[in-house]
Amino acid sequence: MKKTIACCGINCDSCDARIATLTNDNELREKTAATWKAQFGADITPEMINCTGCREEGVKFAHCSECEIRKCADAKGFKTCASCDMLDTCDTVKNLHQYLPEALTNLKNLN
Ligand code: SF4
Ligand code: SF4
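So, in structure tokens, the structure goes:
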């Protein structure tokens with residue numbers, strides 16, 4: 000299974016935080032922090048933009064390391080929510096997938 004598909008289905012490969020981390024690109028960290036700050040209304044600084052991916056070894060972006068979906072999948076012993084028979088009914092993932100339907104598609108494609 001592709002490790003860069005996060006528990007929730009986001010493709011970490013195309014995440015600017017991961018790209019900025021792997022390439023140590025401070026300009027991309029600044030741009031990503033500004034974009035996410037505007038998008039999510041959260042106080043996100045360039046210093047916070049460090050992440051190797053949800054299921055990869057290494058540093059995690061704070062909001063992803065505290066993610067309820069990730070915690071829940073971990074607690075159930077799943078690599079991703081694709082293994083869960085509640086995928087189509089779970090409100091926790093539904094909250095995310097209503098904004099990021101491609102994440103649900105990525106999970107479905109894992110099965
Ligand atoms: S876990 Fe990291 S790489 Fe994946 S979406 Fe979250 S911030 Fe991006
Ligand atoms: S209950 Fe929801 S968040 Fe938890 S593993 Fe299943 S689909 Fe994912």
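In terms of numbering that gives the first Met the number 0, the sequence shown opens at residue 0 and continues consecutively. Just so it is clear, CB atoms sit at the ideal spot from N, CA and C, and this is done for glycine as well. For clarity, every value in this text was computed on a predicted model and none was experimentally measured.
Of the listed residues the options, nearest to residue i (C-alpha basis)
{"i": "residue 56", "options": "101, 15 and 20", "result": "20"}
{"i": "residue 3", "options": "94, 52 and 23", "result": "52"}
{"i": "residue 59", "options": "106, 77 and 14", "result": "14"}
Heavy atom of ligand 3 within 7 Å of residue i beta-carbon
{"i": "residue 61", "result": "Ligand 3 is not part of the structure shown, which contains ligand 1 and ligand 2 as its ligands."}
Interface flag, residue i vs chain C, CB-CB below 8 Å
{"i": "residue 79", "result": "Checking the listed chains, one finds no chain C in this structure; it contains a single protein chain."}
Close beta carbons around residue i, own chain, < 7 Å, minus the five adjacent residues each side
{"i": "residue 28", "result": "19, 45 and 48"}
{"i": "residue 92", "result": "7, 68, 80 and 86"}
{"i": "residue 12", "result": "3"}
Same chain, Cβ closer than 8 Å to residue i, neighbours up to 5 away in sequence not counted
{"i": "residue 77", "result": "6 and 83"}
{"i": "residue 73", "result": "6"}
{"i": "residue 34", "result": "15"}
{"i": "residue 24", "result": "18"}
Residues near residue i by beta carbon distance below 6 Å, same chain, minus five either side
{"i": "residue 9", "result": "102"}
{"i": "residue 54", "result": "2"}
Local Cβ density within 10 Å of residue i, reported as buried at 16 or more and exposed below that
{"i": "residue 94", "result": "exposed"}
{"i": "residue 31", "result": "buried"}
{"i": "residue 105", "result": "buried"}
Near ligand 2, which residues have their beta-carbon closer than 6 Å to a heavy atom?
For ligand 2, the selected residues are 68, 71, 72, 75, 77, 80, 83, 85, 86, 89, 91 and 92.
Say whether the region 37–50 touches the region 78–87, bearing in mind that this needs 3 or more beta-carbon pairs closer than 8 Å, one atom from each stretch.
Output reads no: the region 78–87 does not touch the region 37–50.
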